[in-house]
Amino acid sequence: MPEKIQRKRAVVVSNEPLASDIHELVLRPEAPDGEPFRAGQHLWIEIDPETRRPYSIASPPSRPREIELILNRVPHGPVSNYLANLRPGNRVVYSGPTGSFHVDVATPNDLLFVASGTGLAPLRSMILDLIERRVERRIDLVFGTRRRRDLIHPEEFRHLESHRANFRYHPCLSRFGDEDWSGHRGRVTAVLPQLFTDLRRTDAYICGRPEMVEDTIRVLLRLGIDRAACHREGG
Ligand SMILES: Cc1cc2nc3c(=O)[nH]c(=O)nc-3n(C[C@H](O)[C@H](O)[C@H](O)COP(=O)(O)OP(=O)(O)OC[C@H]3O[C@@H](n4cnc5c(N)ncnc54)[C@H](O)[C@@H]3O)c2cc1C
Ligand SMILES: NC(=O)c1ccc[n+]([C@@H]2O[C@H](COP(=O)([O-])OP(=O)(O)OC[C@H]3O[C@@H](n4cnc5c(N)ncnc54)[C@H](OP(=O)(O)O)[C@@H]3O)[C@@H](O)[C@H]2O)c1
Numbered sequence: 000m001p002e003k004i005q006r007k008r009a010v011v012v013s014n015e016p017l018a019s020d021i022h023e024l025v026l027r028p029e030a031p032d033g034e035p036f037r038a039g040q041h042l043w044i045e046i047d048p049e050t051r052r053p054y055s056i057a058s059p060p061s062r063p064r065e066i067e068l069i070l071n072r073v074p075h076g077p078v079s080n081y082l083a084n085l086r087p088g089n090r091v092v093y094s095g096p097t098g099s100f101h102v103d104v105a106t107p108n109d110l111l112f113v114a115s116g117t118g119l120a121p122l123r124s125m126i127l128d129l130i131e132r133r134v135e136r137r138i139d140l141v142f143g144t145r146r147r148r149d150l151i152h153p154e155e156f157r158h159l160e161s162h163r164a165n166f167r168y169h170p171c172l173s174r175f176g177d178e179d180w181s182g183h184r185g186r187v188t189a190v191l192p193q194l195f196t197d198l199r200r201t202d203a204y205i206c207g208r209p210e211m212v213e214d215t216i217r218v219l220l221r222l223g224i225d226r227a228a229c230h231r232e233g234g
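And the structure:
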């Protein structure tokens, strides 16, 4: 028998541009969830009973009443275009939170987060949660995007870096043009070997398009990481 979906409603608080072609949607659930979500989980947003898609929660569990999503518009994609056009006060139907992507707090290892594009969303929730909980493990975020204007929340991550000794932010641009950029150049897969030489005592969390995740895991394995320490959505 198919699993029954428990549908919920949320009101749109805001929907604002965050980077070029990327926007941040803030949702307030109409009824508080009994259980808080875990950093790394996602919601399923539905536009009709046959059409729903998963979206990672980008904000930390400490803010269950203002859930932030980081979204891009996919050409001709029904759900991403519906989300891009929402206005404050509109209502959305969703189910969840669900998903088993989460940080393993049982190991003492360093934590490496590698994201591209909107793949930053679940990793931002995890990082903000770890920092709020004052976890002392070393935390590195390697974030890949194309141009400077595509960076997502760069001020927030720079601020965290300057206030928390155990957090490092490594933005990487793959298609910079004339802009003034003294940071890392190239895809995350090219930058990772410049930043790390031995990842034997590191747990990695990776999110982005499937080819990026596969290529990143290949690079991390060459740098000594244990395959079981590479975590991605879906296992
Ligand atoms: C667990 C999980 C979490 C996700 N979280 C997020 C998130 O936080 N933010 C977010 O923006 N998206 C996220 N996605 C992607 C999201 O679920 C949808 O797939 C996406 O928004 C497209 O939906 P759509 O209905 O607009 O288009 P679809 O009908 O799904 O796709 C239309 C066409 O575009 C292609 N396509 C799908 N995605 C992309 C893309 N990114 N770039 C180019 N072409 C594409 C499809 O292959 C298809 O050919 C997540 C996906 C998964 C599996
Ligand atoms: N929980 C989840 O599973 C989840 C959550 C959120 C988003 N997502 C997914 O994440 C993806 C984000 O895609 P996006 O369109 O925003 O960004 P994108 O198109 O993947 O581009 C962002 C950056 O990734 C680089 N890149 C592309 N292929 C790569 C590869 N094989 N190895 C290393 N780097 C690579 C690009 O470099 P170039 O300039 O060289 O192309 C660019 O710098 C989407 O597919 C979305 O569905 C998943």
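Going letter by letter, the sequence shown gives residues 0 to 234 in numbering that gives the first Met the number 0.
For glycine and all other residues, C-beta sits at the position ideal for the given N, C-alpha and C.
Keep in mind the model is a prediction, meaning the values are calculated, not measured.
Assuming residue i and residue j form a contact by the criterion Cβ under 8 Å, report the distance between their Cβ atoms to the nearest whole angstrom.
| i | j | result |
| --- | --- | --- |
| tryptophan 5 | proline 96 | Sequence check: residue 5 is glutamine here, not tryptophan. About 11 Å; that fails the 8 Å criterion. |
| arginine 136 | proline 107 | 7 Å |
| isoleucine 138 | leucine 129 | 6 Å |
| glycine 182 | serine 173 | Contact flag wrong, Cβ pair sits at about 12 Å. |
| glutamate 131 | proline 59 | 6 Å |
Pull up the DSSP beta-bridge partners for residue i, would you.
| i | result |
| --- | --- |
| isoleucine 66 | Leu26 |
| phenylalanine 166 | Ile138 |
| arginine 231 | Ile205 |
| proline 291 | Only positions 0 to 234 of the chain appear in the structure, and residue 291 is not among them; the question remains open. |
| serine 61 | Partner(s): none; serine 61 has no beta bridge. |
| leucine 111 | Asp139, Ala203 |
| alanine 9 | Pro28, Val91 |
| threonine 144 | Leu172 |
Please indicate yes or no: does the CB of residue i lie closer than 6 Å to some heavy atom of ligand 1?
| i | result |
| --- | --- |
| serine 173 | no |
| proline 77 | yes |
| serine 58 | no |
| histidine 152 | no |
| asparagine 71 | yes |
| tyrosine 93 | no |
| glutamate 232 | yes |
| arginine 123 | no |
| histidine 41 | yes |
| serine 19 | no |
| proline 53 | yes |
Could you check if residue i belongs to the surroundings of ligand 2, using beta carbon to heavy atom distance under 6 Å?
| i | result |
| --- | --- |
| threonine 144 | yes |
| threonine 97 | no |
| cysteine 206 | yes |
| threonine 117 | yes |
| methionine 211 | yes |
| aspartate 128 | no |
| alanine 120 | yes |
| aspartate 197 | no |
| threonine 106 | no |
| arginine 186 | yes |
| aspartate 139 | no |
| aspartate 214 | yes |
Considering residue i, what are the terminal residues of the alpha helix (DSSP H) in which it resides?
| i | result |
| --- | --- |
| phenylalanine 156 | 153 to 162 |
| glutamate 124 | Residue 124 is actually serine in this sequence, not glutamate. Run containing serine 124: 119 to 131, per the alpha helix (DSSP H) assignment. |
| valine 78 | 77 to 83 |
Is the Cβ of residue i closer than 7 Å to any Cβ of chain C?
| i | result |
| --- | --- |
| glutamate 210 | Structure shown: chain C not included; a single protein chain is present. |
The beta strand (DSSP E) that contains residue i, what's its start and end?
| i | result |
| --- | --- |
| threonine 50 | 50 to 55 |
| valine 91 | 90 to 97 |
| leucine 252 | In the structure as shown, the chain starts at 0 and stops at 234, and residue 252 therefore has no counterpart that could be examined. |
| leucine 191 | Counting along the chain, leucine 191 falls outside any beta strand (DSSP E), though it belongs to the alpha helix (DSSP H) covering 187 to 194. |
| serine 181 | Note, serine 181: premise wrong, no beta strand (DSSP E); not H, not E. |
| serine 173 | Looking at the DSSP string, serine 173 is not in any beta strand (DSSP E), and its letter there is neither H nor E. |
| alanine 38 | Taken as a continuous stretch (DSSP letters only), alanine 38 belongs to no beta strand (DSSP E), as it is neither H nor E. |
Quiz item: Quick one: any contact between the segment 188 to 199 and the segment 222 to 234, if contact means 3 or more CB pairs under 8 Å?
Solution: yes
Quiz item: For the segment 139 to 147 against the segment 54 to 65, are there 3 or more C-beta pairs whose distance is under 8 Å?
Solution: no
Quiz prompt | Stretch pair the segment 115 to 125 + the segment 199 to 208: three plus CB contacts closer than 8 Å | solution = yes
Self-check item: Cβ contact check for the segment 22 to 33 and the segment 63 to 71: 3 or more pairs under 8 Å
Solution: Touching, per the Cβ criterion.
Self-check item: Validate contact between the segment 36 to 51 and the segment 84 to 93 using beta carbons, cut 8 Å, 3 pairs
Solution: yes
Quiz prompt | Segment contact, 8 Å Cβ cut-off, at least three pairs: the segment 12 to 23 with the segment 67 to 87 | solution = yes
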